[in-house]
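For what it's worth, my numbering labels the leading residue of the sequence shown as 29, then goes sequentially. Backbone N, C-alpha and C define an ideal beta-carbon position, used for all residues, glycine too. See structure below.
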Amino acid sequence: MTEEIIPRGDLEARYLREMKMENLIAEQEYLNVLRNRHLQWMNNADDPEIGRMHGDIVAVIREMEDRFGILMEALQKQRDKE
């Protein structure tokens, strides 16, 4: 049985991709917390204009979450090819 020898540069690249994925997952989790916080503030706002602003922020965060999902999917496909 022979072991595959992986060049050092490839190992470093894989490690950096793994770190990137871990960081993106943490950022995605934080976006979820942030979105929920703004939803709560939107629902409890005394001033309708402030509530709308929180709603606008929620919409932007949802768009970011969607883009994060697309990015994560692309990175996973890239990783699966290795």
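Interface flag, residue i vs chain D, CB-CB below 9 Å
i, result
"MET49", "The structure shown contains no chain D; it holds only a single protein chain."
Other residues of its chain near residue i: CB distance less than 6 Å, five sequence neighbours each side excluded
i, result
"ARG63", "VAL86 and ILE89"
"LEU67", "VAL86"
"GLU50", "none"
Boundaries of the alpha helix (DSSP H) in which residue i is found, first to last residue
i, result
"GLU110", "Careful: GLU110 lies outside any alpha helix (DSSP H) and carries neither H nor E."
Simplified DSSP state of residue i, which is helix, strand or coil
i, result
"ASP75", "coil"
Cut-off 8 Å between Cβ atoms - residues of its own chain near residue i, not counting five sequence neighbours on either side
i, result
"MET81", "none"
"PHE96", "LEU52, GLU55, GLN56 and LEU59"
Close beta carbons around residue i, own chain, < 7 Å, minus the five adjacent residues each side
i, result
"PRO76", "none"
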